[in-house]
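Asks:
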Amino acid sequence: MTIAAVTRTDGHLDETARLRRTALAVREHVLAIGAGPVGTHVGGSLSATDILVALYGAVLRVRPDEPRWPNRDQFVLSKGHASAALYGTLAEYGFFPTEELAGYGHADGRLMAHPTPAVPGVEFATGSLGHGLSLAAGLALAARRAGRGRRVFVLMGDGELQEGSVWEAAMAAAHYELDNLTAVVDRNRLQINGSTEDRMGLAPLADKWRAFGWHVSEVDGHDFAELVPALRLPPPPGRPAVLVADTVKGRGVRHLEHRKQNHFAKLGPQAYERALTALRRAA
Amino acid sequence: MSTTTTQPDSDRAAYRAALLDLARRDRRIWCLDSDLGGLEKQFQAELPDQYADVGIAEANLMSMAAAVASTGLLPFANTMAAFASARALEQIKIDIAYHALPVRIVATHSGFSAAHLGPTHHAQQDLAVMRSMPNMTVLTPADAGETVRLVEAVAHLPGPVYVRLGRSPTPAVYPEGTEPEFSVGTAVELRGGDDVAIVAAGALPVRFALEAAAELARCGYAARVLNTHTIKPLDVPAVVAAAERTAGVVTVEDHSVLGGLGGAVAEALAEHHPAPVRRVGIADAFCPRPGTHAEQLAAAGVSTAHVVTAALSLIRTQETRTGRRNP
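So this is what it looks like as structure tokens:
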């Protein structure tokens, strides 16, 4: 799985190193936002960061200076509570200035704690879980009938899969053979009340998607060498694809990893410094 | 007074024919179905590339409709009012209304029109919830012909639209050749009069209003009758004008007395021209027994007799206050 590492270069850095550098910057943005006046959903943002960076840094055909470019690939962040990671990623890739991130949740800014289309690069307002796959399926169906070659991506949380509407959309996407649609599940195995498997079990998750007619891949959601080629690979003809990405809630900050308490956090100055130090040490 | 000059048609059947006609001329028009029965024979058979059935999955229907609309298409999302206004409401709120997307939500079986099917299929709260959605236009035609004109009028309206239809054939409100142009937000005066005003919306309510006006005329009172096919934006000037010249306003609807047409009229008058209002609508209770549409409405407080009683109470109150008795 080294295709990604050699296909593109950026100065002296190969692609994986470049993506890792951006991912570190995005995680720093997530912590800074978490240390801001309103806090943020730190754990799920950190688990989703590498997936978002892989998409925007290596897969999606998008134009940051023309967010509504008609031929763009489209991405829906169904787990809208990971807004800090999305905004950080969009800012790092030039959709808006990184300075704007400091205005997260402020009355004079546009960065709501759940994404809204007022933010350049955001297709749909999300955050009420269970909507994103339907939206992506609608985009994919319309794109195919219009003869557009675009791909449509959607990132869902694993706890989100407990919403019934997800499976309405899963049925529809397979029924309409939407092979321009790729879903990613951020499988961090935690929800607010604890382990997904203890609270409302999802296993056998890959089998569920297969049974619904989807092509399933299981990948390490923090390894760009796996993520990027898996995301680049189009779904097989006639079937939508789902990547079940094995991730860690709180990834990158050792003392926050695998802890349900990090779902939402408002980091005080000391907690922020400690988290930032841990993040940089691990990177 | 209107008469039925042609075989009654249901607004549902009229809508389907009008939609197909529209979609033949504008390829951006899509028909999204949720296993309603009939659209597949009519629309899908002729225009398969502008049709998609999502199955029995109303939440997915609304989200997919939003996404389709975001690409520049004009989807009509078809379901029953009970499901549009409750089961799929969050998808309508967030994916459609919040984004102000041009989805036309066409909801049949509104009010008690599902009749004997019972409260699972009744929708007595849909006007209340839909008119509280930002960006939403809310329409309820009075007969099949008005439904056809409505479909043409809203096809290219910006933003989302909720179209409230019934189920069974109802008599035509307008005699053939007298149909007014459909203008969103403009109430239609069906009958002139300055003793009392009757403001109605929907097929049976408008019929009850006209029948009540005829009965009041026999008692020597002239009732003004307005068909408010547009619940939102309400034609406030027409409602205020009706209140200014009469003893008060009776509202008539196939909907709960809470939050629908009666609520909208009362809100508008309270702010613009405080006047007596009587709301003829479904009492705040679930329908307890089977029966025909009209039987169930009558049991819940909606019939020609209820409209007459309400109108006379307004007239009597004014006569008592002014010490004057009309003929």
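Heads up: the protein sequence lines correspond to chains A and B, in order. Take our numbering: the last position of the first sequence gets the number 312, and nothing is skipped along the way. Take our numbering: the last position of the second sequence gets the number 772, and nothing is skipped along the way. Even for Gly, the Cβ is constructed at its ideal location relative to N, Cα and C.
With H, G and I counted as helix, E and B as strand and the rest as coil, what does DSSP make of Tyr-496(B)?
Replies: Strand.
Asks: If contact means a Cβ-Cβ distance below 7 angstroms, which residues of the stretch 471-482 of chain B contact chain A?
Replies: Those residues of the stretch 471-482 of chain B that come within reach of chain A (Cβ to Cβ, closer than 7 angstroms) do not exist; the list is empty.
Asks: Where does Ile-784(B) land, buried or exposed, given buried means 16+ other C-beta within 10 angstroms?
Replies: In this structure chain B extends from 446 to 772, so residue 784(B) is not present and cannot be described.
Asks: Cα separation between Arg-576(B) and Gly-736(B)?
Replies: So the alpha carbons of these two residues sit roughly 29 angstroms apart.
Asks: Distance, Cα to Cα, Gly-72(A) vs Leu-296(A)?
Replies: For Gly-72(A) and Leu-296(A), the distance between alpha carbons rounds to 12 angstroms.
Asks: Which term fits Thr-306(A), buried or exposed, when burial requires 16 or more other beta carbons within 10 angstroms of its beta carbon?
Replies: Exposed, since its Cβ has fewer than 16 Cβ neighbours within 10 Å.
Asks: Distance cutoff 7 angstroms, beta carbons only. Does Asp-540(B) sit that close to anything in chain A?
Replies: True, the Cβ-Cβ gap to chain A drops below 7 angstroms.
Asks: For Ser-316(A), count neighbouring Cβ atoms within 10 angstroms of its own Cβ and tell me buried if that reaches 16, exposed if not.
Replies: Examination of residue 316(A) is not possible in this model, given that chain A is present from 30 through 312 alone.
Asks: Taking Ser-748(B) as the reference, give the member of His-567(B), Asp-699(B) and Ala-713(B) with the closest Cα.
Replies: Checked all of His-567(B), Asp-699(B) and Ala-713(B); the closest Cα to Ser-748(B) is Asp-699(B).
Asks: At a CB distance below 9 angstroms, what residues from the stretch 541-568 of chain B approach chain A? Give them in sequence order.
Replies: If the cut-off is 9 angstroms between Cβ atoms, the stretch 541-568 of chain B has Tyr-543 and His-544 near chain A.
Asks: Taking the beta strand (DSSP E) that Thr-675(B) belongs to, which residues open and close that run?
Replies: Per DSSP, Thr-675(B) belongs to the beta strand (DSSP E) from 675-677.
Asks: Looking at the structure shown, is Gly-556(B) part of a helix, part of a strand, or coil, going by DSSP?
Replies: It is a strand residue.
Asks: Among residues of its own chain, excluding the 5 on either side of Ala-120(A), which ones have a beta-carbon nearer than 6 angstroms to its beta-carbon?
Replies: Hits under 6 angstroms: Thr-127 and Leu-130.
Asks: Check the C-beta distance from Ala-728(B) over to Val-702(B) and give it rounded, since I have them as a contact under 8 angstroms.
Replies: Rounded, the Cβ-Cβ distance is 7 angstroms, consistent with contact.
Asks: Nearest chain C C-beta to Glu-206(A) closer than 7 angstroms, yes or no?
Replies: Going by chain labels, chain C is absent from the structure shown, which instead holds the protein chains A and B.
Asks: Which residue marks the beginning of the beta strand (DSSP E) containing Tyr-607(B), and which one marks its end?
Replies: Counting along the chain, the beta strand (DSSP E) containing Tyr-607(B) begins and ends at 606-609.
Asks: In or out: Gln-290(A) buried (at least 16 other Cβ within 10 Å) or exposed?
Replies: Label assigned to Gln-290(A): exposed.
Asks: Along the stretch 189-201 of chain A, where does the CB come closer than 8 angstroms to a CB of chain B? Name the residues.
Replies: Residues Gly-193, Ser-194, Glu-197, Ala-198, Met-200 and Ala-201.
Asks: Suppose the cutoff is 7 angstroms on Cβ atoms and the five residues either side in sequence are ignored; what does the same chain contact list for Pro-66(A) look like?
Replies: Closer than 7 angstroms at Cβ, skipping near neighbours: Gly-134.
Asks: Between which residues of its own chain and Gly-604(B) is the CB-CB distance below 7 angstroms, once the five residues before and five after are set aside?
Replies: The answer, listed in chain order, is Ala-545, Pro-547, Asn-580 and Thr-582.
Asks: Any idea if Arg-766(B) is buried or exposed, counting beta-carbon neighbours within 10 angstroms, 16 or more meaning buried?
Replies: Classification of Arg-766(B): exposed, given that the 10 Å Cβ count is below 16.
Asks: Assuming Thr-582(B) is part of the beta strand (DSSP E), what are its boundary residues?
Replies: 582-584 is the extent of the beta strand (DSSP E) around Thr-582(B).
Asks: Is Ala-512(B) close to chain A, meaning its C-beta is less than 7 angstroms from at least one C-beta of that chain?
Replies: Chain A contact via Cβ: present.
Asks: Name the chain A residues that come within less than 7 angstroms of Asp-494(B), Cβ to Cβ?
Replies: Near Asp-494(B) (Cβ distances below 7 angstroms), the residues of chain A are Arg-174.
Asks: Give the C-beta separation of Glu-398(B) and Phe-627(B) to the nearest angstrom, bearing in mind that I take them to be a contact with Cβ-Cβ under 8 angstroms.
Replies: Lying before the first or after the last residue shown, residue 398(B) is absent from chain B, which here runs from 446 to 772.
Asks: Pick out the complete alpha helix (DSSP H) segments inside the stretch 103-157 of chain A, 4 residues or longer, and give them in chain order.
Replies: List check, alpha helix (DSSP H) in window: 112-121.
Asks: Could you tell me the alpha carbon to alpha carbon distance between Leu-140(A) and Ile-537(B), rounded to whole angstroms?
Replies: Cα to Cα, the separation comes out at about 23 angstroms.
Asks: Hey, Val-697(B) and Phe-731(B): beta-carbon distance below 7 angstroms or not?
Replies: Not a contact, by the Cβ cut-off of 7 angstroms.
Asks: By the three-class DSSP mapping on this structure, what secondary structure does Ala-658(B) have?
Replies: Residue state, collapsed to three classes: helix.
Asks: At a CB-CB cut-off below 9 angstroms, which residues of chain B make contact with Ala-87(A)?
Replies: Neighbours of Ala-87(A) on chain B: none; closest Cβ ~25 angstroms, over 9 angstroms.
Asks: Return the residue from the list His-554(B), Gly-638(B) and Tyr-543(B) that minimises the CA-CA distance to Ala-662(B).
Replies: Comparing Cα positions, the closest option is Gly-638(B).
Asks: Quick one: Cα of Lys-486(B) to Cα of Glu-712(B), how far?
Replies: So the alpha carbons of these two residues sit roughly 43 angstroms apart.
Asks: Using 8 angstroms as the Cβ pair cut-off and three pairs as the minimum, do the stretch 96-106 of chain A and the stretch 216-232 of chain A touch?
Replies: The stretch 96-106 of chain A is not in contact with the stretch 216-232 of chain A.
Asks: Since Asp-454(B) sits in a beta bridge, which residues does DSSP pair it with?
Replies: Paired residue(s): Thr-615(B).
Asks: Taking the beta strand (DSSP E) that Ser-758(B) falls in, what are its first and last residues?
Replies: Note, Ser-758(B): premise wrong, no beta strand (DSSP E); alpha helix (DSSP H) at 749-767.
Asks: Enumerate in chain order the residues of its own chain whose CB-to-CB distance from His-566(B) is below 8 angstroms, with the five nearest sequence positions on each side excluded.
Replies: Hits under 8 angstroms: Met-525, Ala-527, His-554 and Ala-559.
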